[in-house]
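For the record, the sequence lines run as chains C and R.
Positions 99 to 548 (my numbering) are the ones given, in order, by the first sequence.
Positions 99 to 548 (my numbering) are the ones given, in order, by the second sequence.
All residues carry an ideal CB built from backbone N, CA and C; glycine is no exception.
First up is the structure itself, then whatever we jot down about it.
There are 2 protein chains.
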Amino acid sequence: MTNMQYNVKNHHHSAVEKKFKQPIKIARQLQQQYETDVGSFFAEIARFPLENLCKILIELPSDIFGEAFSRIPHKKMAAALSYLASDDLTDFLQRVKQYDQDYAKSTYCLLAPDEQAEISHLSQFSADQAGAYMQMELLSAELTDTLSQVKQKIRIFRKEEPNSPIFKLFVVDAEQHLVGILHFTDLILFDENDTMQTIIAQATIHHHKPLSVHATTPVEKVIQIFEEYELSIIAVVNDKEQLQGRIVFEDVYDLIRMQEHNQALKMAGTDYEAEEESLDSARKARLHWLFINLVALCCAAFIVSLYKDTIEQLVALAVLMPIVAALGGNVGNQAVTVTVRKLALHQIDWNNAFPVIKREIVIGGINGMIMGGVVSIITFIWFQQILLGLVIAIAIIINLAVAGLTGSMIPLLIKKFGGDPAIASPLLLTTATDAIGFFVFLGLAEIILI
Amino acid sequence: MTNMQYNVKNHHHSAVEKKFKQPIKIARQLQQQYETDVGSFFAEIARFPLENLCKILIELPSDIFGEAFSRIPHKKMAAALSYLASDDLTDFLQRVKQYDQDYAKSTYCLLAPDEQAEISHLSQFSADQAGAYMQMELLSAELTDTLSQVKQKIRIFRKEEPNSPIFKLFVVDAEQHLVGILHFTDLILFDENDTMQTIIAQATIHHHKPLSVHATTPVEKVIQIFEEYELSIIAVVNDKEQLQGRIVFEDVYDLIRMQEHNQALKMAGTDYEAEEESLDSARKARLHWLFINLVALCCAAFIVSLYKDTIEQLVALAVLMPIVAALGGNVGNQAVTVTVRKLALHQIDWNNAFPVIKREIVIGGINGMIMGGVVSIITFIWFQQILLGLVIAIAIIINLAVAGLTGSMIPLLIKKFGGDPAIASPLLLTTATDAIGFFVFLGLAEIILI
Numbered sequence: 099m100t101n102m103q104y105n106v107k108n109h110h111h112s113a114v115e116k117k118f119k120q121p122i123k124i125a126r127q128l129q130q131q132y133e134t135d136v137g138s139f140f141a142e143i144a145r146f147p148l149e150n151l152c153k154i155l156i157e158l159p160s161d162i163f164g165e166a167f168s169r170i171p172h173k174k175m176a177a178a179l180s181y182l183a184s185d186d187l188t189d190f191l192q193r194v195k196q197y198d199q200d201y202a203k204s205t206y207c208l209l210a211p212d213e214q215a216e217i218s219h220l221s222q223f224s225a226d227q228a229g230a231y232m233q234m235e236l237l238s239a240e241l242t243d244t245l246s247q248v249k250q251k252i253r254i255f256r257k258e259e260p261n262s263p264i265f266k267l268f269v270v271d272a273e274q275h276l277v278g279i280l281h282f283t284d285l286i287l288f289d290e291n292d293t294m295q296t297i298i299a300q301a302t303i304h305h306h307k308p309l310s311v312h313a314t315t316p317v318e319k320v321i322q323i324f325e326e327y328e329l330s331i332i333a334v335v336n337d338k339e340q341l342q343g344r345i346v347f348e349d350v351y352d353l354i355r356m357q358e359h360n361q362a363l364k365m366a367g368t369d370y371e372a373e374e375e376s377l378d379s380a381r382k383a384r385l386h387w388l389f390i391n392l393v394a395l396c397c398a399a400f401i402v403s404l405y406k407d408t409i410e411q412l413v414a415l416a417v418l419m420p421i422v423a424a425l426g427g428n429v430g431n432q433a434v435t436v437t438v439r440k441l442a443l444h445q446i447d448w449n450n451a452f453p454v455i456k457r458e459i460v461i462g463g464i465n466g467m468i469m470g471g472v473v474s475i476i477t478f479i480w481f482q483q484i485l486l487g488l489v490i491a492i493a494i495i496i497n498l499a500v501a502g503l504t505g506s507m508i509p510l511l512i513k514k515f516g517g518d519p520a521i522a523s524p525l526l527l528t529t530a531t532d533a534i535g536f537f538v539f540l541g542l543a544e545i546i547l548i
Numbered sequence: 099m100t101n102m103q104y105n106v107k108n109h110h111h112s113a114v115e116k117k118f119k120q121p122i123k124i125a126r127q128l129q130q131q132y133e134t135d136v137g138s139f140f141a142e143i144a145r146f147p148l149e150n151l152c153k154i155l156i157e158l159p160s161d162i163f164g165e166a167f168s169r170i171p172h173k174k175m176a177a178a179l180s181y182l183a184s185d186d187l188t189d190f191l192q193r194v195k196q197y198d199q200d201y202a203k204s205t206y207c208l209l210a211p212d213e214q215a216e217i218s219h220l221s222q223f224s225a226d227q228a229g230a231y232m233q234m235e236l237l238s239a240e241l242t243d244t245l246s247q248v249k250q251k252i253r254i255f256r257k258e259e260p261n262s263p264i265f266k267l268f269v270v271d272a273e274q275h276l277v278g279i280l281h282f283t284d285l286i287l288f289d290e291n292d293t294m295q296t297i298i299a300q301a302t303i304h305h306h307k308p309l310s311v312h313a314t315t316p317v318e319k320v321i322q323i324f325e326e327y328e329l330s331i332i333a334v335v336n337d338k339e340q341l342q343g344r345i346v347f348e349d350v351y352d353l354i355r356m357q358e359h360n361q362a363l364k365m366a367g368t369d370y371e372a373e374e375e376s377l378d379s380a381r382k383a384r385l386h387w388l389f390i391n392l393v394a395l396c397c398a399a400f401i402v403s404l405y406k407d408t409i410e411q412l413v414a415l416a417v418l419m420p421i422v423a424a425l426g427g428n429v430g431n432q433a434v435t436v437t438v439r440k441l442a443l444h445q446i447d448w449n450n451a452f453p454v455i456k457r458e459i460v461i462g463g464i465n466g467m468i469m470g471g472v473v474s475i476i477t478f479i480w481f482q483q484i485l486l487g488l489v490i491a492i493a494i495i496i497n498l499a500v501a502g503l504t505g506s507m508i509p510l511l512i513k514k515f516g517g518d519p520a521i522a523s524p525l526l527l528t529t530a531t532d533a534i535g536f537f538v539f540l541g542l543a544e545i546i547l548i
């Protein structure tokens, strides 16, 4: 798959492009090199230009990352770190600290004072707060600044922060409170001597939303605001409402992606952080859910044991009962997934959930009738017993309708009581569909067949 | 949850803000209104300002959307549609067409000729092509244009397209080939008489990537380019490499979200499009997978039936066998989810898959030993049979290690043979873990216990 095919062309600045682009792809190659030839892996790292070094390293999987930085001299690392935005810089050093506290400390001491200040400010925020994704490098102007003063500020900013793109202009009052966010398309149409005050009053900027979030705002909320208001950038303020930094679109791409990945992993009974950390922490995070699931499975096994005598008399029941339970698990899982998605997209909540629950019961019931019919025919052909076919058909219809009910109710209930609907839903569901499936099938069999 | 809490403030232009913001939220309210009081639902729709009408309607779930537009006069609808960007306009009319071809046709005829041309151009692209997400409204300048000519173009564009934000300036040559993309932060620092040619040559714009995609480029690839290059905007060109339109960040937020949602739904055995369409199409999409799963389940049932005599002699096996199978299903599902995610993030492919497979086998094996130990103790306490405890422990260890192997291999194999690893993986997995679980457990029991 060549770039040509998709017309990803570096039209003019190809030299500059090559140096700055696609750290992700370089990291993937590096990862393969690590697995085949560690020597050339370290040789390759030593060759990377400073501008790009940290951006590539941060993309490496955690086990490789831990080794990759270790052979880079502190001084070189400090110089390379200066090319990162403040949020990435903080994130990088925090990751290094997990593997080698001394290395992180020595490197920190070699950074510029303003970088140190940014790190100590940003590292107070946890990964689920807006502050952790805030770049402190930004261009702001005061209300009284004229356009020509702003131009001078742009020139200075570009010299001091050559790696930090200026997307929009943040306008603040004398106490650093955010007053507006100006797009440069607006600025370009005004005169040198117009002040920001004048420009804000006149600019026709319905698409420039001077929205802000607090550094402590949950990151879930930040993502939601970006999507609802279709923002490319948002201002971050402190608890005195003063401008502190900005969060930009490229972080939002990552955040949406990670939010979704995390949800998918949670539903399967594991955890994004744990998976990234090490084999052992991934294993433990997963084991946790296996144990909880075992409790559920023992309940299902207990229900089966109640019908031991029935099974002894008709062993075909043991052959068929996994089908009833598994089909219920399938239908329930479809309902859980659809409901968790609707909750994540804020399409439903507890108050308008009834149509969703009804829909899932109807879908489960109708599909239950179809599957029940098919399975009863299979059963009849296999075991030549009409009544057994009837029992399994009824059991499947009931179990699949109930699976639709429980599959949609469980995430809604968990959400209502303040939990994360993705985490425990599939688990609770499996218990429900297994237990109900066995109970209905074996119970009916005992009544009708024995 | 008030806006204040998150400091989502409308600093200055609050009147303008209110009119333009958050169609999603309004749509949610409208949806509730529809369910409780259809009369007030239509009254509310009639009251919306033209600027906002279509943006709200498009956010409604499809079953409500189909009714919502029907009472709006064609002329009003045509006027409201003019406030949409060309891609959304096309999308809107295509959705209307699904419900009422005549309504769509009559409205189309009332649109301005340039809008009609844009629609007929854009509607040739399918939903998985870049062209479908392309806005044709954009500001471009030629190389020979001076900055003051560009300013004039901005003024004209703003008058003609008041609802279309200008993010960057596309610079083309005389044949409309894309030459560069300029940020207005660059433009503002130059003189009135500088041409775009001069500015491109001098601007220090390492972060302005003049990347482009073809209108026929798969949308998956477009998303990948946006994320890899951290773009806010990309140019779309035709097959003669001439500038056609742009795709912007706000569509990328949606696209990433939908890509992930679609994947999650696929893994659960349903489909995003089908779920959005109607209850019946959702039900059929789900039924499809239940049938395929049934084939798998019959294989598992067949394996159980091979050991009917064994179960008859020791009915505890029927009680315990769901535990062995379900734990395998769990471990396999964890492995499938992690592997599908890694494939989606392009972190692995077939060639460097060995460490991933090994990892999953090790995790499955170690957790198998722990769960096997616990279950054998439970079994011993429950049934007072040491050998039965031993059999179930061995079966669980083998099944969980094999579940790690199959769970990671299945998505990799499907991907290798050109399939979508999300779609059939969980399904094939269930067959594997059920069948292997029953086979190992009952087979061992027959050898050791009977």
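C-alpha distance - residue i paired with residue j, whole-angstrom precision
i	j	result
G535(R)	D186(C)	46 Å
A530(C)	I508(C)	10 Å
S376(R)	E458(C)	12 Å
I512(R)	P519(R)	5 Å
P453(C)	G502(C)	12 Å
I401(R)	A424(C)	15 Å
W448(C)	V434(C)	15 Å
A383(C)	I464(R)	13 Å
K116(R)	P147(R)	With a pLDDT of only 39 at K116(R), under the threshold of 50, the placement of this residue in the model should not be trusted, and no figure is reported.
I421(C)	G470(R)	24 Å
H172(C)	D198(C)	12 Å
T437(R)	E371(C)	15 Å
A533(R)	A543(R)	15 Å
G430(C)	F537(R)	26 Å
S204(C)	T188(C)	15 Å
I479(C)	L191(R)	52 Å
S180(R)	L220(R)	15 Å
G427(R)	F515(R)	24 Å
T283(C)	D284(R)	11 Å
N- and C-terminal bounds of the beta strand (DSSP E) containing residue i
i	result
G229(C)	Looking at the DSSP string, G229(C) is not in any beta strand (DSSP E), and its letter there is neither H nor E.
G278(R)	L276 to L280
A333(C)	I331 to V335
H312(C)	S310 to H312
A39(C)	Residue 39(C) falls outside the range modelled here, since chain C spans only 99 to 548, and no answer is possible.
E240(R)	S238 to E240
L341(C)	L341 to V346
L604(R)	Since the first residue shown for chain R is 99 and the last is 548, residue 604(R) is missing from the structure and cannot be characterised.
Range of the contiguous alpha helix (DSSP H) that encloses residue i
i	result
A398(R)	L377 to L404
S138(C)	V136 to R145
G541(C)	P519 to L547
Supposed close pair residue i, residue j - CB separation, criterion 8 Å
i	j	result
I321(R)	Q361(R)	Wrong, their Cβ atoms sit about 12 Å apart, outside the cutoff.
L237(C)	K257(C)	Incorrect: roughly 12 Å between the Cβ atoms, too far for contact.
L309(R)	I323(R)	7 Å
L287(C)	R253(R)	7 Å
L485(C)	I390(C)	At roughly 38 Å, the Cβ-Cβ gap does not stay under 8 Å, so L485(C) and I390(C) are not in contact.
Q129(R)	S138(R)	No, Q129(R) and S138(R) are not in contact; Cβ-Cβ is about 13 Å, not under 8 Å.
Interface partners of residue i on chain A, CB under 7 Å
i	result
P171(R)	Protein chains in the displayed structure are C and R, and chain A is not among them.
Alpha helix (DSSP H) runs wholly inside the region 166-233 of chain C, at least 4 long, in chain order:
172-179, 184-197, 199-207 and 211-220
Could you give the uninterrupted runs of the alpha helix (DSSP H) lying entirely in the region 472-517 of chain R, keeping only those of 4 residues or more?
484-514
Inspect the CB distances between the region 225-241 of chain R and the region 329-342 of chain R and report whether three or more fall short of 8 Å.
Three or more Cβ pairs drawn from the region 225-241 of chain R and the region 329-342 of chain R lie within less than 8 Å of each other, which places the two stretches in contact.
Stretch-stretch touch, CB-based, cutoff 8 Å, three pairs: the region 118-132 of chain C with the region 152-162 of chain C:
yes
Tell me, please, whether the region 404-417 of chain R touches the region 400-417 of chain C by the rule of three or more beta-carbon pairs shorter than 8 Å.
With the cut-off at 8 Å, the region 404-417 of chain R and the region 400-417 of chain C touch.
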